[in-house]
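In the working numbering, the protein residues as written are 9 to 108.
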């Protein structure tokens, strides 16, 4: 059985960052953070032609939580920083901030 150790989150935004939305990454879950990191830049490159600004981050996930419902909560700040967390039942279980 494979275990999820990281999730790739890709966000596309308007040029002024006023409108952002999740974009469908080619692969979203990975067994290691390193595998996720290796796929991040090619995915960002693919979306860079389809949206004005694109952000991505790999979020480490506790493999023990993979069978439980968790939600990815994210925000792109006005300074261009993507902040993302994995939350389960309102409790933060993983976090990663990334500046492009």
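Cβ atoms here follow ideal geometry from the backbone N, Cα and C, with glycine treated the same way. Being a predicted model, the structure only gives us computed values, none of them experimental.
Unbroken alpha helix (DSSP H) run spanning residue i, endpoints
{"i": "residue 27", "result": "Element bounds for residue 27: n/a, residue is neither H nor E."}
Backbone secondary structure at residue i - three-state DSSP
{"i": "residue 43", "result": "helix"}
{"i": "residue 54", "result": "helix"}
First through last residue of the beta strand (DSSP E) which encompasses residue i
{"i": "residue 64", "result": "61-68"}
{"i": "residue 92", "result": "90-96"}
{"i": "residue 80", "result": "79-84"}
Residue environment, residue i, which counts as buried when at least 16 other CB atoms sit within 10 Å
{"i": "residue 46", "result": "exposed"}
{"i": "residue 29", "result": "exposed"}
Anticipated Cβ contact below 8 Å, residue i with residue j, distance rounded
{"i": "residue 16", "j": "residue 57", "result": "So it is not a contact: roughly 18 Å between Cβ atoms."}
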